[in-house]
Structures are given as structure tokens and as C-alpha cells.
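Asker: This is the structure, below, for whatever I ask next.
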Amino acid sequence: MLKELILEKRQKYSFIGILLYVVSTVFVCYLSFKIITDVQTWNALFWIILLFSSVSAVAKSFISEKPETQLYLYTITSPESIILSKLIYNAGMMIFLALLCFGIYSLFLGNVAVDIPLFTISIVLGGVGLSSLFTMISAIASKADNSSVLIAILGFPIILPFLITIIKLSTNAIVGAEWSESYQYLGVLALLNLIVVTLSYILFPYLWKE
75 MLKELILEKR QKYSFIGILL YVVSTVFVCY LSFKIITDVQ TWNALFWIIL
125 LFSSVSAVAK SFISEKPETQ LYLYTITSPE SIILSKLIYN AGMMIFLALL
175 CFGIYSLFLG NVAVDIPLFT ISIVLGGVGL SSLFTMISAI ASKADNSSVL
225 IAILGFPIIL PFLITIIKLS TNAIVGAEWS ESYQYLGVLA LLNLIVVTLS
275 YILFPYLWKE
């Protein structure tokens, strides 16, 4: 994880570019809509922005590394340590980016969420889920040619059920539904995140040897 922090510090323009993307996208939405009163539209647009932000922020995890760098890491540390550090760092970055996106989004387009605590939980679970999924996909795609195309092909069917669940949970938070109505979605999201992290930890060592 220390390597990731050092690398990101050296490449500040990368993270700044993602922030600029978020701000500019939200601002364009503001110019187009001014204010969004429809709950479904507000919610869907928020997660679309966050989805593409996560692709820009996380999908480069392994693809941006040169083969020489991967070989060097292979000789000094275990693959389990590498994937865990990637998952933890990307999750932290995505949670920060998601919360920041929510703040900017609310500033320009208003905040229609009634249950802020539940919506914040959905943002955190969404950030962790998106980062974990795209970290795993990035690791797989880095071993193939046309990795960017492969990310799109692998990402869509995998991310779709996760997005459907997170949108349902955040919709409950927006309309102020009872927490009991959201327990199933919270459980599903927590389980999906656990499955992705566990599979990444178990399968990455075999992928790393290729």
C-alpha cells in the first residue's frame, strides 16, 4: 500500500484529473438540468458519474504497471500482500472520491436524500464494491492484449447486479424508507464485497505467476 501512496504522490495529475472529471461532469449536468426533482433520475445520474469515475481511478491499478515492475514486486513480496494493498488503497480512494462526488453533486444539483446516514452507507459500500471489482478485473486484463477492451467486456456483466442492488438501496435512502426494507440490500452488498475480496485474495497468486 505504501508503494501505491508513493506512486500516486508522484503522479498527482492522475488524481487531479479524476477530480476535474467529476466536477466538470456534475457542472455539465447542472447546466443541462439546473435542478433534478425526480428521485430516480437524480439517483441514477449520481451512480453513473461515480461508475465512470471509478473506471478512471481504479481500472489502471495493474494495467499502468510495466512488466519489469511486476517482476520486481514478484521477487520482493508475496502476491497476497500485493492484492491486499491494492484492494485497501483503491477502496480508500474510492470512498473518498464517492463522498466528495456526493458533496459536489449535492452542491450543484441539490440533495434529495431523506435518510443521509443510509445514503452514506450505500456510498461507502458502493465505493468498496466498485473498487474491488475493478481491481480484480484490472488484474485479469493486465495479462492480456487490448486490456482496455477486456475491462469493458468483463466489467459490464459483473458490475450490473451490483449496480442494481446499490441503486435500490440508495433509492430507499432517498425516499426515507424504513431501515428494515433495506436490510436485504445491505446484506447482499456486504456479501458481494466479501466474495469479490475473497476471490481476489485466493485467485490472484495463480494469476500473478503467469
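Just so you know, this note's numbering puts 140 at position 66 of the sequence shown, and the rest follows in order with no gaps.
C-beta: ideal position from N, C-alpha, C; glycine also.
Along the alpha helix (DSSP H) that carries Gly-177, what are the first and last residues, could you check?
Answerer: From DSSP, the alpha helix (DSSP H) with Gly-177 extends over 153-183.
Asker: Hey, could you find the ends of the alpha helix (DSSP H) Thr-109 is sitting in?
Answerer: At residue 109 the sequence reads Ile, which differs from the Thr that was named. Segment: none, Ile-109 is in no alpha helix (DSSP H) and carries neither H nor E.
Asker: Does the stretch 159-171 come close enough to the stretch 227-237 to have 3 or more Cβ pairs within less than 8 Å?
Answerer: With a cut-off of 8 Å, the stretch 227-237 and the stretch 159-171 do not count as touching, because too few Cβ pairs lie within range.
Asker: Can you tell me which of Ser-152, Gln-114, Phe-120, Val-270 puts its alpha carbon nearest to the alpha carbon of Ile-178?
Answerer: Checking every option, the nearest Cα to that of Ile-178 belongs to Phe-120.
Asker: Using the Cα positions of Leu-199 and Leu-268, report the straight-line distance between them to the nearest angstrom.
Answerer: Near 11 Å, if we compare the C-alpha coordinates of Leu-268 and Leu-199.
Asker: Classify Ala-187 as buried or exposed, calling it buried when 16 or more other Cβ atoms lie within 10 Å of its own Cβ.
Answerer: Result: buried.
Asker: By alpha-carbon positions, which one of Ile-248, Phe-101, Tyr-257 ends up nearest to Ile-190?
Answerer: Checking every option, the nearest Cα to that of Ile-190 belongs to Ile-248.
Asker: Leaving aside the five residues before and after Val-113 along the sequence, list all residues of the same chain whose C-beta is less than 8 Å from its C-beta, in chain order.
Answerer: Closer than 8 Å at Cβ, skipping near neighbours: Val-186, Thr-245, Ile-248, Val-249.
Asker: Do Val-271 and Leu-161 have their CB atoms nearer than 8 Å?
Answerer: Taking 8 Å as the Cβ cut-off, Val-271 and Leu-161 qualify as a contacting pair.
Asker: For Lys-83 and Ile-90, I'd like the C-alpha separation in whole angstroms.
Answerer: Interpretation of Lys-83 is limited by its pLDDT of 49, a score under 50 that renders its predicted location unreliable; the figure taken from the coordinates is listed afterwards. Cα to Cα, the separation comes out at about 11 Å.
Asker: Just the C-alpha distance for Leu-266 and Phe-236, rounded to the nearest angstrom, thanks.
Answerer: Rounded to the nearest angstrom, the two C-alpha atoms are 8 Å apart.
Asker: Does DSSP put Ser-274 in a helix, in a strand, or in coil?
Answerer: Three-state result, Ser-274: helix.
Asker: Going straight from the alpha carbon of Leu-280 to that of Tyr-163, what length do you get?
Answerer: The sequence as given places Tyr at residue 280; Leu does not occur at that position. Looking at the two C-alpha atoms, the distance is approximately 22 Å.
Asker: How is Ser-256 classed by DSSP in three states: helix, strand or coil?
Answerer: If DSSP states are grouped into helix, strand and coil, Ser-256 belongs with coil.
Asker: Going by the CB atoms, is the gap between Ser-254 and Leu-192 shorter than 8 Å?
Answerer: The answer is no: Cβ separation not under 8 Å.
Asker: Taking its Cβ as the centre, do 16 or more other Cβ atoms sit within 10 Å of Ile-276, making it buried, or is it exposed?
Answerer: Under this definition Ile-276 is an exposed residue.
Asker: Just to confirm before moving on: does the CB-CB distance between Ser-159 and Thr-209 stay below 8 Å?
Answerer: Not closer than 8 Å, so no.
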